[in-house]
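First comes the structure, then the notes that go with it.
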Amino acid sequence: MPMLTLRRSIGLIVLSLLVAEPPGAAGDGPEDAGVRALVGARILSQSDSGTIDGGTVLIRGDRIEAVGLEVEVPEEADRIDVSGLTLTPGLIDARSVLWLPPESRRDSGNDGGLNILDGVDPFAEDWRDVARSGVTAVAVQPGNTGLFGGRGAVLRVGPGGAVARLTIRPDAFVQAALGVNDSSTNSILRYQQYEQLKRSIEGLKKYKEEWEKYAEAKKKYDEEQARPDKEEADKTEEKEQGKEKEDVEEQGQEDDEKEDSDGSKDDEGSEDEPAGDEAGSISLPQDEEDDGDEPEEGDDDEDQKDGEDDTDGGSKKPAEPPKEPDRDEAKEFLVKLLGGEVPLRIEVHREDDLRNALALAEEFDLRLIVEGLSDPKSAREELVRRRTPMVLGPILELGSRPPYRRSRADSWPSGLLAEDSRWAIGTYGDRPADSALLRAHAAAAVSRGVPADRVLRALTAGAAEVLGLGDELGAVAPGRRADLVAFAGDPLDPSAPVALVVSGGEVVYRDPDVQAPEEVEPVAVVDADLPDRLPSRFVIQSRRLLRPDGSIGPGALSVAEGTIVASGEEIAGADDLPTYDVGDAVIAPGLLTAVSTLGQSRAAAESAGADAGFLRAVDAFDPTGKTVRRLVRGGVLKAGFSPGSVNVVAGAAGAVRLGAIEPVVDPVIGVGLVLSESSRNIERYPASLPGQVALVRAFLGLEGGEDPSARRRLDYYLSSPVIDRLDAIRRDRAEEIRSGSAAALFEAESPAEVEAALDLAETLGVRAVLVGPGAIEEHPARVSRLAGAGALTLVLRPIPPGPVAWRRLEAVAAAAEAGARVLFAAEDPEELRLLAASSVAVGLPASSALRGLAGGFAAIGLPVEGSPASPWEPGAPADFTVWDGSPLDLASRPLAVVVDGRLAP
């Protein structure tokens with residue numbers, strides 16, 4: 001077995017063992033273990049009890065003691081009012097890297113010798129962000145780059161300090177993978193991987209058989225060793241019994257002879273009898289005395305034979321004991337795979353790899369958990385027939401996909417699952433805090449067609465069963481571990497805030513500001529029953545139209561020749577027009593990604609010089625690009641198309657309509673001013689933040705900067721007329737910013753960069769548009785002041801889960817409350833909506849999020865030429881999406897996308 005990086009963490013393991021208390025000590029349980037009662041919740045128990053409205057859960061220590069409507073609460077119990085909230089079992093991420101430092105996340109192997117617990121860092125703090133999302137348990141395992149990694153485990157989400165305190169189930173499964181690593185480019189290489197894994201399992205079988213043979217031989221040896229001793233003991237006992245019998249007979253004979261002797265003496269009265277101590281003795285003839293001592297003829301031969309039998313007879317002891325096989329510590333555990341004592345959890349994605357995994361299970365009597373399953377094709381039927389447990393994910397794909405996941409259908413995994421499938425969801429993240437996105441993955445599963453009740457079960461009871469913890473986790477029931485979460489809304493809606501998280505009976509997160517949501521009328525199952533081709537004039541109506549202020553209510557739209565003619569609760573004169581009633585479906589304007597390169601950053605950038613103020617992104621816009629098409633399918637129909645971030649003065653961003661015949665609305669709505677590290681280049685000026693600020697001041701002609709009329713120095717040759725023309729364009733851009741007709745789009749990240757951007761904005765006296773928006777949490781007073789003055793717009797871009805993200809979102813919500821406009825920007829429609837939903841979960845009002853997500857270009861705070869102030873204003877293009885739920889809820893999906901009054905392909 002190779003040296004393993006997991007073992008570099010041995011110092012952490014030793015330290016955690018030193019601080020761990022022995023079993024049974026008070027520190028084994030939650031820090032504040034006691035008696036608690038959660039009162040008044042709507043309990044989704046995931047057990048035979050079903051849903052309990054207004055129920056109570058009584059917790060004692062780390063266990064649930066009672067659940068129901070009439071639970072008697074002891075006086076000493078800590079009562080927590082969860083009225084109006086939805087209570088579920090703690091959520092379980094079936095594939096996570098929580099508690100694993102970077103080196104442990106990547107480690108894998110081919111001999112099954114890794115134990116993931118050797119790489120756990122029990123002092124990591126990422127668990128806090130995961131707990132805030134409602135996740136209370138995670139499954140961790142070695143990486144998937146090796147064929148046969150080793151042992152996985154199930155860990156709690158809560159305060160650590162010791163590996164033992166975190167561990168819910170050690171040795172929960174053994175990790176393996178086929179067709180995943182870089183040597184999986186064709187079927188031949190993948191079959192070779194199967195053969196290699198098969199040889200490893202055959203080695204386990206051989207190892208087990210060797211020890212079984214040794215145990216049998218050892219038992220036989222021990223029995224044979226014990227047999228001569230028993231025979232010797234039996235012989236000794238027989239001899240002793242024979243000797244006792246002879247002694248009795250001899251004594252009887254002596255007594256008889258004595259009686260005879262005494263009788264003769266009395267009769268004869270001989271005077272020659274010996275006196276004293278010789279009296280009574282019997283004088284025997286010499287030959288009779290010798291007869292008792294000398295063996296009879298032939299006795300010597302028999303005694304010799306008996307002696308030979310003791311050493312060389314049929315009960316002869318073996319010369320040597322059987323040789324013990326070499327003991328392998330890893331195989332001692334791995335042999336438990338054979339026969340299914342411990343499951344083999346194997347990641348496969350293609351049909352051939354899945355069939356190979358099933359063949360291994362058949363041949364070696366393995367208990368499988370299968371994960372991956374991107375394209376199982378016809379092998380799916382075999383999975384369904386066997387009801388093989390599955391771990392599926394990531395369902396919400398953010399960023400580029402690895403090659404083995406690129407064949408997934410858009411509806412995956414709905415086509416993979418049967419009604420009685422046993423499955424769980426894993427986040428499959430690269431960072432520990434990625435487990436905080438578990439609910440987003442679950443919502444994405446619902447949007448792809450998996451029923452919501454089955455998805456919730458996959459996060460709770462289903463996950464527990466797959467991981468072998470069906471009697472421990474996954475249900476709100478007496479005797480189960482007290483892992484519970486209270487949501488202010490639908491547990492599968494990432495925008496629904498988490499109010500309370502209990503892990504092992506301990507309150508690990510509580511937000512007293514979270515209020516129970518207002519009751520809403522049940523929404524019927526919706527379907528946009530629209531024709532394949534819409535007429536040139538029509539009316540579409542719904543009981544849920546998204547209004548410009550972010551509220552939702554009844555409304556209708558009248559469309560003629562691709563534009564909005566009228567909007568409102570009722571449309572006058574619509575009796576003669578085709579009318580489509582979509583019921584409870586939500587009609588919303590096309591969503592907006594505020595500042596995005598739309599996957600075309602290379603085309604919309606110039607890297608020869610740091611000042612590209614003359615550049616216009618719209619000149620490089622490709623309306624048929626892959627990212628554009630994906631955004632349109634996801635209901636995103638507007639974009640602030642911006643240049644890349646390689647230059648300090650990046651160039652002009654423009655307003656474009658995605659999917660439209662005439663996409664460009666306004667070629668210049670702002671100019672990108674990049675103060676982040678992305679525009680620093682050691683091979684050119686500037687290479688530091690002060691240099692970036694100086695260059696921006698020079699471009700804008702601010703005091704202390706260069707004369708904006710000065711001719712631009714280029715690093716490549718252009719003719720003088722061309723240079724003069726570019727300089728004129730640059731001066732026009734700077735004037736548009738100074739006059740307020742174009743926005744200064746500051747890209748900043750660090751506290752110093754944000755401070756520099758705010759300084760420049762205040763010097764200019766214009767609205768500050770912070771893209772990122774950077775570390776605004778470090779400048780709360782200044783951000784609040786600018787927001788209150790109506791001089792701040794924040795454009796929120798994707799940020800990985802973690803403590804920084806949480807503080808950033810809290811700061812965004814606070815700025816919005818003070819008066820800042822909030823917009824969102826991403827290049828994937830689900831990621832864009834996730835940004836908005838995450839902001840709402842942290843405190844941004846849903847109406848503010850919807851205004852930023854579905855508002856017009858004017859939402860940036862500036863007039864946009866050719867764009868109406870409201871998307872429902874008469875004359876606005878008929879660009880809208882029909883959703884089966886709120887766009888903030890990732891479980892909802894577009895039912896129809898309309899651009900210029902026509903259904904988008």
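Numbering follows my numbering, in which position 455 of the sequence shown is assigned residue number 455; successive positions increment by one, without gaps.
Every residue gets a Cβ at the ideal spot worked out from N, C-alpha and C, and that includes glycine.
Note that the structure is a prediction, hence the values are computed from the model and not measured.
Uninterrupted beta strand (DSSP E) stretches inside the region 518 to 590 (no shorter than 3 residues): 537 to 546, 552 to 560, 563 to 568, 579 to 581 and 586 to 589
DSSP beta-bridge partners for VAL899? ARG902
LEU87 bridges to which residues according to DSSP? ILE43 and ALA486
In three-state terms, what does DSSP make of ILE369? strand
Taking the C-alpha atoms as reference points, what is the distance between LEU344 and LEU366? 7 angstroms
Looking only at C-alpha atoms, which of ALA805, ARG387 and ALA612 sits nearest to ARG731? ALA612
For ALA787, which residues from the same chain have a beta carbon less than 7 angstroms from its beta carbon, with the 5 sequence-adjacent residues on both sides left out? ALA815, ALA818, GLY819 and ALA820
Ordered list of beta strand (DSSP E) runs contained in the region 408 to 476, each at least 3 residues: 423 to 425
ALA650 - containing alpha helix (DSSP H), residue span: No alpha helix (DSSP H) contains ALA650, which is instead part of the beta strand (DSSP E) from 649 to 657.
Is DSSP giving TRP99 helix, strand or coil here? coil
Considering just the uninterrupted stretch of the beta strand (DSSP E) at LEU58, what are its terminal residues? 51 to 60
For GLY555, which residues from the same chain have a beta carbon less than 6 angstroms from its beta carbon, with the 5 sequence-adjacent residues on both sides left out? LEU545 and GLU569
Cα-Cα separation, ARG893 to GLU397: 15 angstroms
My understanding is that GLY149 touches ALA176, with C-beta atoms under 8 angstroms, so please give their C-beta distance in whole angstroms. 7 angstroms
Going straight from the alpha carbon of LEU598 to that of VAL507, what length do you get? 43 angstroms
Express the C-alpha separation of GLY426 and VAL696 in angstroms, rounding to a whole number. 46 angstroms
Contact the region 741 to 760 vs the region 666 to 681: 3+ CB pairs below 8 angstroms: yes
Does DSSP put SER886 in a helix, a strand or coil? coil
In the DSSP assignment, the beta strand (DSSP E) including VAL664 goes from what residue to what residue? 664 to 674
Kindly indicate the opening and closing residues of the alpha helix (DSSP H) around VAL771. Counting along the chain, VAL771 falls outside any alpha helix (DSSP H), though it belongs to the beta strand (DSSP E) covering 768 to 772.
Collapsed DSSP secondary structure at GLN141 in the structure displayed: coil
Other residues of its chain near VAL446: CB distance less than 7 angstroms, five sequence neighbours each side excluded: ALA452, VAL455, LEU492 and ALA891
Identify, in the order they occur along the chain, each residue of the same chain with its Cβ nearer than 8 angstroms to the Cβ of ASP513, setting aside the five sequence neighbours on each side. GLY843
Taking 8 angstroms as the cut-off, does the region 897 to 904 touch the region 869 to 887 (at least 3 CB pairs, one atom from each stretch)? yes
Are the beta-carbon atoms of ALA617 and SER642 separated by less than 8 angstroms? yes
With C-beta atoms as the reference, is PRO801 less than 8 angstroms away from ALA433? yes
For the structure I just gave you, are there three or more beta carbon pairs, one from the region 374 to 394 and one from the region 412 to 429, closer than 8 angstroms? yes
Do VAL665 and VAL907 come within 8 angstroms of each other at the CB atom, strictly closer than that value? With the chain covering only 1 through 905, there is no way to say anything about residue 907.
Ignoring anything shorter than 3 residues, give me the beta strand (DSSP E) runs that lie fully in the region 785 to 824, in order along the chain. 792 to 796 and 821 to 824
Assign ASP532 to one of two classes, buried (16 or more other C-beta atoms within 10 Å of its C-beta) or exposed (fewer than that). exposed
Here's a check: name, in chain order, each residue in its chain whose Cβ is nearer than 6 angstroms to the Cβ of LEU500, leaving out the five neighbours to either side. ALA486 and ARG510
Taking 7 angstroms as the limit between beta carbons, can you name the residues of its chain near SER187, skipping five residues before and five after? ASP352
Enumerate in chain order the residues of its own chain whose CB-to-CB distance from GLY885 is below 6 angstroms, with the five nearest sequence positions on each side excluded. SER892
Taking DSSP's pairing of strands, which residues face ASN115 in a bridge? ARG151
Beta-carbon proximity of SER133 to VAL498, cut-off 8 angstroms: yes
Return helix, strand or coil for PHE857, following the three-state DSSP convention. helix
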